[in-house]
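Quick note, the sequence shown lines up with residues 2 to 364 if you use the numbering used here. Idealized CB from N, CA, C, for every residue including glycine. Given the structure is predicted, the values throughout are model-derived calculations rather than measurements. Report on one structure; see the data block that follows.
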Amino acid sequence: MSKCYLLLVAVLSGLTINVSAQTKVAPVKSDAIVYTGPSAAGDSKRDNGDFKGAIVEYTKEIDKINTEALRIIKLKADYQKMSEFDKMNQNQEEINKNYPDWAKLYYGRAVSNITLMNKPVAKPDIDMAIGLDNTNADAYYQRALIINSKENRENACMDISRAVTLGSAKAKIAFDDNFCWNAAQVHYKDGASKVATRKYDEAITELNLAISICPDSGNYYAKRGQAYLGLKNKTQAVEDFTKATELSPSHPDGFYQLGLYYFNDENWDKAFDNLTKAIALSPMNYEAYIMRAQCCERQNKQTSAIYDYGQAISIRPNDAEAYYRRALLQREMKETGKACKDFAKASQLGNEDATEYLKECTK
């Protein structure tokens, strides 16, 4: 055997040993997806393009839980039909609970049917998926695509909006393309009109629709908070007013409504702070000055109250209320001349109580 041959064998042997050693030290990594939960078999087949097989697997698991899932869906649906008063007396924990593992089964079967162009069959499954887990952005987006039509644009917008809120970038594009906010504004105006006529339950229904379409509008939450307050649901009202200030920090409505709430709750400090923020954002807000002045009175800050009534008068010089209230404070502070002058103006503008106090000025 030649020296060259022996050298070649040695080199090849060393290379084999070296490769073998490297293989043991650095094994090949696997990127295989690990499927878990009841939907695992269906998800695996769906992702590998076997949509009919996926439907079979999803159906096997759905059959095990369908009866209980339908009961839960009915429970949630019945809750939505209740008045706001009745809702407050329900078991919120059970109503708000989500079932993501079950929802994935219905969603997976729906997507498989959508891919196979069986959209009518997919729609009930998408509804079930959303009913069981209201945090699934993809389910809302897929349902919007199924139902979107000229006649059903509003409901599609609601689903797209929900998907946007839950973080779907695809839904955001669809929302902008469909000009969904126009529909929201119609519901907002109807809701505001019903708040004004004290039809609070009806108002909340309309404002819920507006918020479903445009959940980033602080004005919608502020108005719904007024409706909840009309129904004596203080907890929900404060949540909505606070949400309004968070979503629209440059708009006065949320701060003004919080100011009124805390004033009626006799929390003068919080009332003053929120009314001050409302005034800073809307310096011509007559009602905010009137309410802040009354807040100052409750805190024995008469000078500040007189200042706010003066600001209100500069905004509405023909409104009797501010003149009358300022006159009462001036009378209390023994500033008779100023008080009589304001009583006279308030009386001239039709305030009968001011007319009675004015008699003191003529004695």
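What is the DSSP secondary structure of V1, counted as helix, strand or coil? What is shown of the chain runs 2 to 364, which leaves residue 1 out entirely.
Going by DSSP in three states, Q300 sits in which element: helix, strand or coil? coil
What's the call for N153, buried or exposed, on a 16-neighbour Cβ count within 10 Å? exposed
When the distance is taken between beta carbons, is F264 closer than 8 Å to C296? yes
Can the beta-carbon of A130 be found less than 8 Å from the beta-carbon of N137? yes
Where in the region 324-355 do unbroken runs of the alpha helix (DSSP H), each at least 4 residues long, occur, reported from the N-terminal end onward? 337-349
How far does the alpha helix (DSSP H) with G109 in it extend, from its first residue to its last? P101 to T116
Classification of T246 by the beta-carbon crowding that lies within 10 angstroms, buried from 16 upward: buried
Assumed close pair Q227, Q258 - CB separation to whole angstroms, cut-off 8 Å: 6 Å
E152, DSSP secondary structure in three states: coil
Counting C-beta neighbours from all protein chains within 10 Å, is the total for L71 16 or more, i.e. buried, or is it exposed? exposed
In three-state terms, what does DSSP make of K400? The displayed coordinates of the chain run from 2 to 364. Any statement about residue 400 would go beyond what the structure contains.
Does DSSP put H188 in a helix, in a strand, or in coil? helix
When we look at the beta-carbon of M334 and count the other beta-carbons within 10 Å, is it buried (16 or more) or exposed? exposed
Rounded to whole angstroms, how far is the Cβ of K224 from the Cβ of V196, which I believe are closer than 8 Å? 6 Å
So Y142 and K171 are in contact, right, with Cβ under 8 Å, and what is the actual spacing, rounded? 6 Å
Expected contact under 8 Å - CB spacing of S45 and Y36 to nearest Å: 5 Å
Count the other CB atoms within 10 Å of the CB of F242; is the residue buried (16 or more) or exposed (fewer)? buried
Got a sec, what are the start and stop residues for the alpha helix (DSSP H) L167 sits in? From DSSP, L167 is part of no alpha helix (DSSP H); its letter is neither H nor E.
Would you report the Cα separation of C341 and E298, rounded to the nearest angstrom? 20 Å
Secondary structure at E357, three-state DSSP: helix, strand or coil? helix
Which whole-angstrom value is the C-beta distance of A328 and A355, which I expect to be below 8 Å? 7 Å
State the CB to CB distance for the pair L117 and F176, rounded to an integer number of angstroms; the pair is presumed to be in contact (CB under 8 Å). Contact flag wrong, Cβ pair sits at about 27 Å.
Do you know how far the Cα of K302 is from the Cα of Q349? 28 Å
Alpha carbon to alpha carbon, what distance is there between Y262 and V122? 49 Å
Rounded to whole angstroms, how far is the Cβ of A347 from the Cβ of A321, which I believe are closer than 8 Å? 4 Å
Taking the alpha helix (DSSP H) that E267 falls in, what are its first and last residues? Neither: E267 is in no alpha helix (DSSP H) and is coded neither H nor E.
Under the assumption that F256 contacts N275 (Cβ atoms under 8 Å), give the Cβ distance between them as a whole number of angstroms. 5 Å
Got a sec? Which residues, its chain only, sit under 7 Å from A279 by beta carbon, not counting five neighbours each side? P253, F256, Y257, G260, N286 and A289
Whose C-alpha, out of N220, Y107, N268 and N90, is nearest the C-alpha of K61? Y107
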